[in-house]
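A short write-up of the structure that comes next.
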Amino acid sequence: MIIKVLHLYHDLMNLYGEYGNIAVLCRYLEDAGIEVQLDKVSVDDSFNIADYNFVYCGAGTERNQKVALADIISHKDELKIYIENNGTALFTGNSLEMLGKSICDRNGDTFEALSFADFYTYQGGESYKKYISANPNDTELIKNDTRITGDVIFKADFIEKPLVGFVNKCGFIKGNFTPLFNVVYGIGNNRNDKSDGIRINNILGTYLTGPILVKNPAMLDYVVSLITNGNAKNQSYDSQNRGYEMTYRELMKRFNTQG
Amino acid sequence: MRVFFVILVCKLLHFIGKLIGKGSSLPGKYALKLDRNILKKIKMPEYIIAVTGSNGKTSTVEMIAHILQEGGKTVAYNKEGSNQIEGVTTFILCNSTMGGKVKSDILLIESDERFAQYTFKYFTPTHYVITNLYRDQLTRNGHPEWVYDCLKNSIHDGTQLILNADDPLVSCFGYGKDDVIYFGADKISVSHEKNNSVYNDGIFCPHCKKRLSYEYYHYNHIGKYSCPNCGLKRNNTQFSVTAADLDKGEIIINDKSTIKLALKSLYNVYNILAAYSVCSIVGIDDATICKSINNYVLKNGRVIEFSLDKRYGTLLTSKHENSVSYDQSLTLAANDKQGCDILIIVDAISRKYFTSDVSWLWDIDFELLASKNVGEIVLAGLYSADLQTRFSFTGIEESKIKAFSDIGEAAEYLKTSSDRKLYVITCFSDKGKFLSLVKEEKL
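From first to last, the protein sequence lines stand for chains A and B.
Going by the working numbering, the first sequence opens with residue 65, and the numbers climb by one from there.
Going by the working numbering, the second sequence opens with residue 8, and the numbers climb by one from there.
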């Protein structure tokens, strides 16, 4: 078996340590005896999403996100077919916002997005004002024009263990879509929705930021099983498992004392 | 509210706080509650120097203060390190007369990058040094462009900007402004054509987001760049490191002034250059600057010599959640030709706030330790398992790496593991836990 991995905008959507996701994924597949071909691409590179078995895009600064968005729009048709054919992809941090209808930034400028799901992104400042004027009764809104950064615990019934990680974003999303995770502690898609991320077939989008597959071995298992249709032998890495257990314990301790 | 009264309250609280060992931001907090505009009412001295940026603020401020004092000036500065508005208010009021006049010739302020916009609403610096913008404490700061936007709000007319020309994002503060002085390093012995860091924040032009081109790098995105698309380029510098020999520990500024380095890192060189520039601008003569900064050992305790039983070592305080800071420490250790062992401790990520996020470990160039100068690498602390995972991707042989979740056990092991020099790389939040187990040596 050969698995072809596409790391989208690796040098642009790289808020911190996102390449760790690709590093642990490729090691896992190789240790399971699977041949891996990794292609790292960026803006203006030519690539065809249909050629791949797994697509990954990480988080970026708000300005870099707009650059990536302008580029990925030119791959919209390929990505649409990829989704319909149940291809597997992971979008972490604000890269998931590209999958919705549009992104409104803090200056109030609106950018058309991929429209694979029915949701809209608001990135603070003027975008919040626009949202309030259209939805005067919505009390869920994050009022302050600040960034949301914080440790979180999420869970999902298709992943064996709760997820640990960090959110670092200034956008929230609203609309009609299937979320990916339930929020156990911390903030997900917006202040009061106890959900995080978005799922379209096997396209997984989460606001978890950074090397989330390093921190969550159970999620790595799940992503691998999607990519390989369950045909990869399970791998386990001791330090990775201990790192997860320790972080989960620390976060639970923290969140329980906070009440 | 009378200025006199607010200052009195602030000074009293500060006095009491010192007695009971409390932080320096509380008196300022109460002073601001009594009068939000108190800083507007203080008569400021002729020079107000502010220093901000991701890395090197405290060291740069300490050196500036030292040079100015050697040059015969009286200086008030926030040496207690509180750099948000409350802390700044405390030290300004405590250094004022009861009539509300700052007592020293020069006011020198280390300012937090994100909070400078609140401090400088009430008064504006005459000289504003911005050292660099890196990925730093992103669990609080978001990312460098977010910090840039915050910092931009703190810059007002009437301030002379003193900017690091070698940092493309920092240089953008000078865009369209006249009163800007740039400092930077020319092509020197340690410059290289390729960026060897784990990531490169200089790939895309901060102004137009097309690809930048680099003639050379000093480290990470610091170097000589130009944008073929919009024309952004490294500006000409008024203050330049024109030559540097880091092995020998010597730099030359503007082709004429030789300065010997107590700490042989390029990182330190930029701090010295920033201090040199601003002191020169406010009228300190070249000879005085060089004399006071020559072989200057920072007093802020970031480099600590120690002995652990029969072993000798150096602790390099590095900032957790700051890969550039770590890279500099790793470079220093990996270049020690005498040979060394390394201890890395990640136990509490921050002493000021809680987070369990270790994403930043993946931005650090631990591959630097794949050097023949490095013997054993010991990983310690609560997050030693995460460090182990990160190290499993460095290509460094597993047999060279040992991990302990307990710092005491790591220290016990190191007592007899070898007699090589030991470098300890860790943060403010964790260094005390190690230093309590060893004997500190005076330099």
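We treat Cβ as the ideally placed atom computed from N, Cα and C, and that holds for glycine.
Given the structure is predicted, the values throughout are model-derived calculations rather than measurements.
Chain A contact for residue i (CB, 7 Å cutoff)
| i | result |
| --- | --- |
| Phe130 of chain B | no |
| Ser363 of chain B | yes |
| Phe400 of chain B | yes |
| Glu383 of chain B | no |
| Ser366 of chain B | yes |
| Lys216 of chain B | yes |
| Asp354 of chain B | no |
| Tyr226 of chain B | no |
| Thr433 of chain B | no |
| Thr126 of chain B | no |
| Tyr333 of chain B | no |
| Thr166 of chain B | no |
| Asp393 of chain B | yes |
| Asp370 of chain B | yes |
| Ile206 of chain B | Note that residue 206 of chain B corresponds to Tyr in the displayed sequence, not to Ile. So, interface residue. |
| Ile169 of chain B | no |
| Thr244 of chain B | no |
| Thr396 of chain B | yes |
CB contact check: residue i to chain B, cutoff 7 Å
| i | result |
| --- | --- |
| Tyr80 of chain A | yes |
| Gly189 of chain A | no |
| Thr324 of chain A | Residue 324 of chain A lies beyond the stretch modelled for chain A, which goes from 65 to 323, so this question has no answer here. |
| Asp202 of chain A | no |
| Ser159 of chain A | no |
| Phe307 of chain A | Residue identity check: residue 307 of chain A is Gly in the sequence provided, not Phe. It does: the Cβ of Gly307 of chain A has a partner Cβ on chain B nearer than 7 Å. |
| Arg263 of chain A | no |
| Ala87 of chain A | yes |
| Gly84 of chain A | yes |
| Gly250 of chain A | no |
| Lys303 of chain A | The displayed chain sequence assigns Ser, not Lys, to residue 303 of chain A. Cβ-Cβ to chain B under 7 Å: yes for Ser303 of chain A. |
| Asp275 of chain A | According to the sequence as given, residue 275 of chain A is Pro; it is not Asp. Output row for Pro275 of chain A: interface = yes. |
| Arg255 of chain A | no |
| Phe111 of chain A | no |
| Val131 of chain A | yes |
| Phe230 of chain A | yes |
| Asp215 of chain A | yes |
| Thr210 of chain A | no |
Among the options, nearest to residue i - alpha-carbon criterion
| i | options | result |
| --- | --- | --- |
| Ser159 of chain A | A:Ile217, A:Ile237, A:Gly189 | A:Ile237 |
| Ile145 of chain A | A:Val288, A:Gly269, A:Asn112, A:Leu133 | A:Asn112 |
| Pro52 of chain B | B:Asn242, B:Gly439, B:Val289, B:Lys25 | B:Val289 |
| Val310 of chain B | B:Cys297, B:Ala294, B:Leu339, B:Thr131 | B:Leu339 |
| Leu154 of chain A | A:Val228, A:Asp182, A:His71 | A:His71 |
| Glu200 of chain B | B:Val381, B:Asn342, B:Ile229 | B:Ile229 |
| Tyr274 of chain B | B:Asn102, B:Glu416, B:Ser66 | B:Ser66 |
| Tyr390 of chain B | B:Phe313, B:Ser412, B:Glu222 | B:Ser412 |
| Gly106 of chain B | B:Lys29, B:Leu15, B:Asn148 | B:Leu15 |
| Val365 of chain B | A:Gly229, A:Gly250, A:Gly124 | A:Gly229 |
| Ala387 of chain B | B:Ala410, B:Asp372, B:Phe400, B:Arg397 | B:Ala410 |
| Ser106 of chain A | B:Ser336, B:Ile279, B:Arg218, B:Leu280 | B:Arg218 |
| Pro34 of chain B | B:Lys50, B:Phe12, B:Lys48 | B:Phe12 |
| Lys68 of chain A | A:Tyr271, A:Thr321, A:Ile264, A:Thr292 | A:Thr292 |
| Glu99 of chain A | A:Gly124, A:Ile66, A:Tyr92 | A:Ile66 |
| Thr156 of chain A | A:Ala198, A:Ala296, A:Lys130, A:Val231 | A:Val231 |
| Ala172 of chain B | B:His225, B:Lys159, B:Pro151, B:Gly439 | B:His225 |
| Thr210 of chain A | A:Tyr186, A:Thr270, A:Ser138 | A:Tyr186 |
Any non-hydrogen atom of the ligand NAP closer than 6 Å to residue i Cβ
| i | result |
| --- | --- |
| Thr311 of chain A | Of ligands this structure carries none, so the ligand NAP is not represented either. |
Q: Only counting runs of 4 or more residues, tell me where the alpha helix (DSSP H) segments fall wholly within the stretch 30 to 80 of chain B, in order along the chain.
A: The alpha helix (DSSP H) runs of length 4 or more contained entirely in the stretch 30 to 80 of chain B are, from start to end of the chain, 33 to 41, 64 to 77.
(Q) I want to know whether the stretch 276 to 291 of chain A touches the stretch 78 to 93 of chain A - three or more CB-CB distances under 8 Å. (A) As far as the Cβ criterion goes, the stretch 276 to 291 of chain A touches the stretch 78 to 93 of chain A, which means the pair count is three or higher.
Q) Using a Cβ cut-off of 7 Å, which residues of the stretch 309 to 322 of chain A contact any Cβ in chain B, in chain order? A) If the cut-off is 7 Å between Cβ atoms, the stretch 309 to 322 of chain A has Met310, Thr311, Glu314, Leu315, Arg318 near chain B.
Q | Continuous alpha helix (DSSP H) assignments of at least 4 residues falling wholly in the stretch 253 to 305 of chain B | A | Qualifying alpha helix (DSSP H) stretches, in chain order: 273 to 288, 293 to 300.
Q: Quick one: which residues of the stretch 132 to 154 of chain B get their C-beta closer than 9 Å to a C-beta of chain A? List them in chain order.
A: Flagged, chain order: Arg142, Leu145, Thr146, Arg147, Asn148, Gly149, His150, Pro151, Glu152, Trp153.
(Q) With three or more beta-carbon pairs closer than 8 Å as the criterion, would you say the stretch 148 to 168 of chain B touches the stretch 62 to 79 of chain B? (A) With a cut-off of 8 Å, the stretch 62 to 79 of chain B and the stretch 148 to 168 of chain B do not count as touching, because too few Cβ pairs lie within range.
**Q.** Cβ contact check for the stretch 159 to 177 of chain B and the stretch 124 to 143 of chain B: 3 or more pairs under 8 Å
**A.** Enough Cβ pairs lie closer than 8 Å, so yes.
Q: Tell me the start and end of each unbroken beta strand (DSSP E) in the stretch 129 to 191 of chain B that is at least 3 residues and wholly inside, in chain order.
A: Listed in chain order, they are 134 to 137, 167 to 171.
Q) Which runs of the alpha helix (DSSP H), 4 residues or longer, sit entirely within the stretch 252 to 300 of chain A? A) The qualifying runs are 276 to 279, 281 to 292.
Q: Report yes or no: do three or more beta-carbon pairs, one from the stretch 191 to 206 of chain B and one from the stretch 240 to 257 of chain B, lie closer than 8 Å?
A: Three or more pairs of CB atoms, one per stretch, sit closer than 8 Å, so the stretch 191 to 206 of chain B contacts the stretch 240 to 257 of chain B.
Q | Against chain B: residues of the stretch 278 to 290 of chain A by CB proximity under 8 Å | A | Contacts with chain B (Cβ-Cβ distance below 8 Å) from the stretch 278 to 290 of chain A involve Val278, Lys279, listed in chain order.
Q) So, do the stretch 221 to 228 of chain A and the stretch 162 to 169 of chain A have three or more beta carbon pairs nearer to each other than 8 Å? A) The stretch 221 to 228 of chain A and the stretch 162 to 169 of chain A do not touch, with fewer than 3 CB-CB distances between them shorter than 8 Å.
Q) Residues in the stretch 147 to 179 of chain A with C-beta within 9 Å of chain B's C-beta atoms, listed in sequence order? A) Legend: CB atoms of the stretch 147 to 179 of chain A lying less than 9 Å from CB atoms of chain B belong to residues Arg170.
Q. Any chance the stretch 232 to 251 of chain B sits against the stretch 294 to 310 of chain B, with 3 or more Cβ pairs inside 8 Å?
A. The way I'd put it, the stretch 232 to 251 of chain B doesn't touch the stretch 294 to 310 of chain B; fewer than three beta-carbon pairs between them come closer than 8 Å.
Q. Any chance the stretch 314 to 325 of chain B sits against the stretch 90 to 103 of chain B, with 3 or more Cβ pairs inside 8 Å?
A. The stretch 314 to 325 of chain B, when compared against the stretch 90 to 103 of chain B, does not touch it at the 8 Å Cβ threshold.
Q. Fully enclosed by the stretch 400 to 449 of chain B, which beta strand (DSSP E) runs are 3 residues long or longer?
A. Fully enclosed beta strand (DSSP E) runs of 3 or longer: 408 to 411, 428 to 433, 446 to 448.
Q: Indicate whether the contact test is met: 3 or more Cβ pairs, each with one atom in the stretch 206 to 218 of chain B and one in the stretch 175 to 192 of chain B, closer than 8 Å.
A: For the pair of segments examined, the stretch 206 to 218 of chain B was found to touch the stretch 175 to 192 of chain B: the number of CB pairs separated by less than 8 Å reaches three.
Q: Give a yes or no on contact between the stretch 123 to 130 of chain B and the stretch 342 to 351 of chain B, applying the rule of three or more CB pairs nearer than 8 Å.
A: Judged by Cβ distances under 8 Å, the stretch 123 to 130 of chain B makes no contact with the stretch 342 to 351 of chain B, as fewer than three pairs qualify.
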